[in-house]
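Trainee: This structure is in structure tokens; I'll ask about it shortly.
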Amino acid sequence: MSFLGVETSLSGRRWIGPDVEVARAAEMMEQQTALPAAVCQVLARRGVPSHEASGFLTPQLKELLPDPRRMKDMEPAAARFLQAVERRERIAVFADYDVDGGSSAALLLVWLNQVGLSATLYVPDRIDEGYGPNDAAMAALAREHDLIVCVDCGTLSHGPIAAAKGADVIVLDHHLGGETLPDCVAVVNPNRQDEDGDLGYFCAAGVVFLMLVELRRQMRDKGLGTGPDLMALLDLVALATVADVAPLIEANRALVRQGLKVMATRQRPGLVALADVSRMDSAPSTYHLGFLLGPRVNAGGRIGKADLGARLLATSDPAEAEAIAARLDELNTERRDIENAVRAAALEQAEARGLDAPLVWAAGEGWHPGVVGIVASRLKEAAGRPAIVIGLDGDEGKGSGRSVSGIDLGASIQRAAAEGLLIKGGGHKMAAGLTVARDQLEPAMARLSELLAKQGAGDLGPSDLKLDGMLMPGAATVPLIEQIEQAGPFGAGAPAPRYGFPDLQVRFAKRVGESHLKLSLSDGLSNGIDAICFGAFDTALGQRLLDHGGARFHFAGRLEINTWGGRQSVQLRLEDAAEA
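Here the sequence shown stands for residues 1 to 580, numbered as in UniProt numbering.
Structure representation (structure tokens):
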């Protein structure tokens, strides 16, 4: 049954409220705990029983963090790393060029620096070298180092790791593994095929952190003390977890929550400089990590120098941090301009091909490899289907894909690569990369579409909009939102609660920025509520609200606290509306 009777909203979606069991559990929890109904609705949706509500709202990392030794190869990985530390060996860190790779590298570099060791950082160039280890780089590193640690990459790098003759190699990764593993000291990866998958929600930085936890245990057992303060490193883990869209469940939830507290102390020069150049004016949140800090760290790997992000996160020099942060901010602006041009061309091409296929894709000459992943996300959002965007250069194309919930894109891309239709490809369920020969582009995309159709991607219609409950503007207060946020942090795998506001009038609506809509909504009984609807100006939703003619609407969205000039107010992040 639809929520508030909305079968077809202004964006074409049906509104769905909490199911009967969740609603009952929320009511019972409200009676037993005296928590606000809105908080109980969130907890009930997450499956939290009443007697565990208090503990869920105050998660303890020591209770949620798994034993690192649950992951295969964890003990030998930590033991070999500790041996390198004890012997003062030459260590190299080979990292991916995104936020997760940069944060993972920084975790190791900072830890080593605190025990008086420096390590060589190597981040491959996205265009010249592509993702992951390559033969030439690994062979060169092996000639100068005793140990190479690959972070956020390496699980499928059999050849390049074999090329690292004379050095030991450890892989700390989270990408889907193949049937065989590279021949090296250890491959620590919760998404190896011989793992049970229970810890598959960790990003690479989470895996690196767990290795440092195991390292600490081994140091203690050998009478070497406990080493650097690991809790102080959680700001890096939190940044990577959110930016890599890892689900905020179980231990990840506690890691991010504690990491945000660490970040708020402004002790890491790189993150302080990045927050300042991003004009952050409030305590860090998952929004800031995902939409302000993360894109800027990524900008170096996308269109600039690949190691800028990792260097920023690892530096202890405020002056160096300010210089790198300023450069990353410039690159992020350049990235947005490039992205907008590619997005317009890709959307036009995808629409001509059809947005109702199991796979939505586009390919273009010279499209920058650094933005194809972002544009794939935009296509996915527009079509509600898996999307791939490819930049063609010479005889090859390099692309990135993004998927929707319930459709495993990484597995399909690995299958197509195994069948010889792709030069290479890999990733995880929601995001993946690929390289394809130009003359194999059409058959490769057709095969991927077929594989995704078998998972049901072709049957996806407009997604239902799920709501957690109903509120009136007068009930939406700053203290209530602060209590709701205790059930967070919210993000991938743990969406922020969405509420319906029934039968409101639009007091005013105006365009802000390039395409956003600012509104003031009223029920005639209270001061109403302010709302912001991002990217809505050119949509049917935005145009109807601008041209409202005094009509009344039901509204749906997520509540947030807006901080401006040191004052806090309630704001509705509007996602949809329907004629009342």
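We put the beta carbon where it would ideally sit given N, CA and C, even for glycine. Predicted model only: the values in this text are computed from it and were never measured.
Does the region 348-357 come into contact with the region 383-398, if we say contact requires no fewer than three beta-carbon pairs (one atom in each stretch) closer than 8 angstroms?
Mentor: yes
Trainee: So which of Ala492, Glu560 and Arg415 has the shortest CA-CA distance to proline 479?
Mentor: On the sequence shown, position 479 is the one that residue 479 refers to. Nearest of Ala492, Glu560 and Arg415 to proline 479, Cα basis: Glu560.
Trainee: Specify, as a first and last residue, the run of the alpha helix (DSSP H) that residue 581 falls within.
Mentor: Residue coverage of the chain in this structure runs from 1 to 580, which leaves residue 581 outside it and unanswerable.
Trainee: What does DSSP give as the partner residue(s) for valine 389 in the beta ladder?
Mentor: Locating residue 389 in the sequence shown gives position 389, where the first residue counts as 1. Ala362 and Ser400.
Trainee: Report yes or no: do three or more beta-carbon pairs, one from the region 333-349 and one from the region 364-383, lie closer than 8 angstroms?
Mentor: The region 333-349 makes contact with the region 364-383, as at least three CB pairs between them are under 8 angstroms.
Trainee: To which residues of the same chain is methionine 138 closer than 6 angstroms at the C-beta, ignoring the five residues directly before and after it?
Mentor: Taking the sequence shown and counting its residues from 1, the one referred to as residue 138 is at position 138. Correct list, in chain order: Pro160, Ala163 and Ala164.
Trainee: When the Cα atoms are used, what is the spatial distance from tryptophan 553 to alanine 577?
Mentor: Taking the first residue of the sequence shown as 1, we reach residue 553 at position 553. Taking the first residue of the sequence shown as 1, we reach residue 577 at position 577. Here residue 553 is phenylalanine; the residue named in the question, tryptophan, does not match the sequence. Each residue's alpha carbon lies about 6 angstroms from the other.
Trainee: With 16 as the cutoff for other CB atoms within 10 Å, does tryptophan 111 come out buried or exposed?
Mentor: Walking along the sequence shown from the start, residue 111 turns up at place 111. Under this definition tryptophan 111 is a buried residue.
Trainee: List, from N- to C-terminal side, the alpha helix (DSSP H) runs of 4 residues or more that fit wholly inside the region 232-311.
Mentor: 234-243, 250-264, 269-277 and 294-303
Trainee: Quick check on aspartate 576: does DSSP put it in helix, strand or coil?
Mentor: Here the question's residue 576 lines up with position 576 in the sequence shown. The answer is strand: DSSP assigns aspartate 576 an E or B state.
Trainee: Could you have a look at lysine 454 and say whether DSSP puts it in helix, strand or coil?
Mentor: For the purposes of this step, residue 454 is identified with residue 454 of the sequence shown, where counting begins at 1. Residue state, collapsed to three classes: helix.
Trainee: Sorted by chain position, which residues of the same chain lie with C-beta nearer than 8 angstroms to residue 581's C-beta, five sequence neighbours on each side aside?
Mentor: Missing from the structure shown is residue 581; the chain here goes from 1 to 580 and no further.
Trainee: List the endpoints of the continuous alpha helix (DSSP H) containing arginine 329.
Mentor: The residue given as residue 329 occupies position 329 in the sequence shown. In the sequence as presented, arginine is not what sits at residue 329; that position holds aspartate. Its alpha helix (DSSP H) spans residues 318-353.
Trainee: Along the beta strand (DSSP E) that carries glutamine 505, what are the first and last residues, could you check?
Mentor: Locating residue 505 in the sequence shown gives position 505, where the first residue counts as 1. Per DSSP, glutamine 505 belongs to the beta strand (DSSP E) from 499-512.
Trainee: Throw me the rounded Cβ distance for the leucine 313 and glycine 259 pair, which I believe falls under 8 angstroms.
Mentor: Looking up residue 313 in the sequence shown gives position 313. Looking up residue 259 in the sequence shown gives position 259. About 13 angstroms; that fails the 8 angstroms criterion.
Trainee: Based on the DSSP output, what are the partners of methionine 470 in its beta bridges?
Mentor: On the sequence shown, position 470 is the one that residue 470 refers to. Methionine 470 pairs with Gly500.
Trainee: Taking cysteine 533 as the reference, give the member of Leu181, Gly550, Ile413 and Leu546 with the closest Cα.
Mentor: Within the sequence shown, the letter at position 533 stands for residue 533. Nearest option by C-alpha distance: Leu546.
Trainee: Would the beta-carbon of valine 99 fall within 8 angstroms of that of leucine 239?
Mentor: Working through the sequence shown from its first residue, we reach residue 99 at position 99. Working through the sequence shown from its first residue, we reach residue 239 at position 239. Their beta carbons are under 8 angstroms apart, which means valine 99 touches leucine 239 by this criterion.
Trainee: Using beta carbons (cut-off 8 angstroms, strictly below), is serine 526 in contact with chain C?
Mentor: Absent from the structure is chain C; it holds one protein chain and no more.
Trainee: How should lysine 398 be labelled, buried or exposed, when 16 other C-beta atoms within 10 angstroms of its C-beta is the threshold for buried?
Mentor: Within the sequence shown, residue 398 is the residue found at index 398, counting from 1. So lysine 398 ends up on the buried side.
Trainee: Looking only at C-alpha atoms, which of Cys150, Leu434, Gln218 and Gln60 sits nearest to residue 582?
Mentor: Residue 582 lies beyond the range of the chain shown here (1 to 580); nothing can be said about it.
Trainee: I'd like the list of long-range same chain contacts for glycine 132, defined as Cβ closer than 6 angstroms, with 5 residues on each side in sequence excluded.
Mentor: The residue given as residue 132 occupies position 132 in the sequence shown. Cys153 and Ser157, listed in sequence order.
Trainee: What residues in its chain sit with their C-beta under 7 angstroms from that of valine 512, if we drop five residues either side in the sequence?
Mentor: Mapped onto the sequence shown, residue 512 falls at position 512. Excluding positions up to five away in sequence, the list reads Lys518.
Trainee: On a CA-only basis, which of Gly47, Asp183, Ala78 and Thr120 is nearest histidine 145? Give me that one, please.
Mentor: Residue mapping note: residue 145 aligns to position 145 of the sequence shown, counting from 1. Ranking the options by Cα distance to histidine 145, first place goes to Thr120.
Trainee: Which first and last residues belong to the alpha helix (DSSP H) in which phenylalanine 81 is found?
Mentor: Here residue 81 is taken as the residue at index 81 of the sequence shown, counted from 1. Per DSSP, phenylalanine 81 belongs to the alpha helix (DSSP H) from 74-86.
Trainee: Quick check on the DSSP output: what are the complete alpha helix (DSSP H) runs of length 4 or more inside the region 117-172, in order along the chain?
Mentor: Segments of the alpha helix (DSSP H) lying fully in the region 117-172: 135-144 and 158-162.
Trainee: Threonine 563 by DSSP, collapsed to three states: which one?
Mentor: On the sequence shown, residue 563 is found 563 positions in, with the first residue counted as 1. Reduced to three states, the DSSP call for threonine 563 is strand.
Trainee: For glycine 177, count neighbouring Cβ atoms within 10 angstroms of its own Cβ and tell me buried if that reaches 16, exposed if not.
Mentor: To locate residue 177, count along the sequence shown from 1; it is residue 177. Glycine 177 is buried by the Cβ-count criterion.
Trainee: Nearest by alpha-carbon distance to aspartate 408: which of Pro443, Ala457, Ala487 and Arg268 is it?
Mentor: Reading the sequence shown from its first residue, position 408 is the one you call residue 408. Comparing Cα-Cα distances from aspartate 408 to each of Pro443, Ala457, Ala487 and Arg268, the minimum goes to Ala457.
Trainee: Can you tell me whether DSSP reads lysine 429 as helix, strand or coil?
Mentor: On the sequence shown, position 429 is the one that residue 429 refers to. Residue state, collapsed to three classes: coil.
Trainee: Just reading off the beta strand (DSSP E) that serine 520 is part of, what are its end residues?
Mentor: Taking the sequence shown and counting its residues from 1, one reaches residue 520 at position 520. That run of the beta strand (DSSP E) goes 516-522.
Trainee: Check whether the Cβ atoms of arginine 45 and aspartate 468 lie closer than 8 angstroms to each other.
Mentor: Working through the sequence shown from its first residue, we reach residue 45 at position 45. Working through the sequence shown from its first residue, we reach residue 468 at position 468. Their beta carbons are under 8 angstroms apart, which means arginine 45 touches aspartate 468 by this criterion.
Trainee: Using 8 angstroms for Cβ pairs, my map puts leucine 248 next to alanine 446. What's the rounded Cβ distance?
Mentor: For the purposes of this step, residue 248 is identified with residue 248 of the sequence shown, where counting begins at 1. For the purposes of this step, residue 446 is identified with residue 446 of the sequence shown, where counting begins at 1. Contact flag wrong, Cβ pair sits at about 36 angstroms.
Trainee: Return helix, strand or coil for valine 22, following the three-state DSSP convention.
Mentor: Sequence index remark: in the sequence shown, residue 22 carries index 22 (1-based). Correct three-state label for valine 22: helix.
Trainee: Which one of Tyr287, Val237, Ser403 and Gly225 has the shortest CA to CA distance from valine 208?
Mentor: Sequence index remark: in the sequence shown, residue 208 carries index 208 (1-based). The shortest Cα separation from valine 208 among Tyr287, Val237, Ser403 and Gly225 belongs to Val237.
Trainee: With burial defined as no fewer than 16 other Cβ atoms inside 10 Å of the residue's Cβ, what is the status of tryptophan 15: buried or exposed?
Mentor: If you number the sequence shown from 1, residue 15 lands on position 15. Label assigned to tryptophan 15: buried.
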